[in-house]
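Worksheet: one structure, shown below.
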Amino acid sequence: MVCRAEPLEIIQSPMPEPTPEINWYRVPEEPRVIDTVVIHYTSALGWFNEDFQEQFGEQVAPVAEKVGLTPENLNEHKFDFQLNKAIFVAYGVSAHYIIDRDGTIYQLVPDEWVAWHAGVSKMPSPDDREMVNTFSIGIELLATHPDDDPSVKADPENAFTEAQYASLEQLMEKLTTEYPITAVVGHDEIAPDRKKDPGPLFDWSRVRHDDLTPH
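If you're matching positions, the sequence shown starts at 1 in full-length UniProt numbering and goes up one per residue.
In structure tokens, the structure reads:
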């Protein structure tokens, strides 16, 4: 891990307050034991998908307007933080952190709370625990899968930026210092039938030195 002389900068961007219809996190009645980090990616590539627009188009329109998003410029805005957060809000999901392409780290949910990032999930054997949200921290990187994004397939070295990796290393150093982290897994490892993030281009050597164990 990278040794830092200065404090790690994390921008607080909390999820909305719960409503009677939806809650983006759970505040545990007792302190939870955090021993796992789950790595994800997220993007706004699906913003103009028919299903998303039919269900949430009116709700998310103000964010798109603020960003200046159109179908023609979606590719240049697919990693916009506000668009991606709006998708989380619409779907009722969350993560503890999002790391932008320039390395900026945003915190959406406090570590101590349960974020909705893993879904139906099970740790790899021999662990085999389910309900991974309850004992994990979720980290989203703004990125895409080469099967979904021709620009990544054409330029695989740019799937994740060096700034993202550097910030992820620094965030992992912080988390492994504060919590008894014993495993770092991909979303595709705990929900292989549903998920494929962070994908084949993610460099696992940056955050762990075997199949599960963090640096």
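Ideal placement from N, C-alpha and C gives every residue a C-beta, glycine not left out.
Check                                                                                                                           : Outcome
Reduced DSSP secondary structure (H/G/I, E/B, other) of Gly138                                                                  : strand
Sequence-distant residues of the same chain with beta carbon closer than 6 angstroms to Asp100, five excluded per side          : Phe81 and Leu142
Assigned exposure category for Val38 - 16 Cβ within 10 Å defines buried                                                         : buried
C-alpha gap between Met1 and Met172, whole angstroms                                                                            : For Met1, the predicted structure reports a pLDDT of 49, less than 50, and the residue's modelled location is therefore unreliable. A value from the coordinates is still provided. Roughly 8 angstroms separates the two Cα atoms.
Of the listed residues Asp197, Tyr91 and Ile34, nearest to Val60 (C-alpha basis)                                                : Tyr91
Residues of its chain near Ser121, where Cβ-Cβ distance is below 6 angstroms and the 5 sequence neighbours each way are ignored : Val132, Ile190 and Ala191
Separation of Glu29 from His96, as counted between CA atoms                                                                     : 18 angstroms
Minimum length 4: unbroken alpha helix (DSSP H) runs contained in the region 85-111                                             : none
Nearest-angstrom Cα separation, counted from Ser205 out to Val152                                                               : 20 angstroms
First and last residue of the uninterrupted alpha helix (DSSP H) at Ile190                                                      : His187 to Ile190
Straight-line gap, Phe88 to Ser94 (C-alpha atoms, nearest Å)                                                                    : 6 angstroms
Beta-bridge pairing of Tyr25 - partner residues as DSSP gives them                                                              : Ala115
CB-CB length for Ala183 against Asp35, believed under 8 angstroms                                                               : 7 angstroms
Whether Leu108 touches Ile139 by CB criterion (8 angstroms)                                                                     : no
Under 8 angstroms between C-beta atoms of His77 and Val63                                                                       : no
Spatially closest choice to Glu50 from Pro71, His187 and Asp155, by CA coordinates                                              : Pro71
Cβ neighbours of Pro31 in the same chain (closer than 8 angstroms, five flanking residues each side left out)                   : Glu112
Pairwise C-alpha distance: Ile105 and Gln12                                                                                     : 9 angstroms
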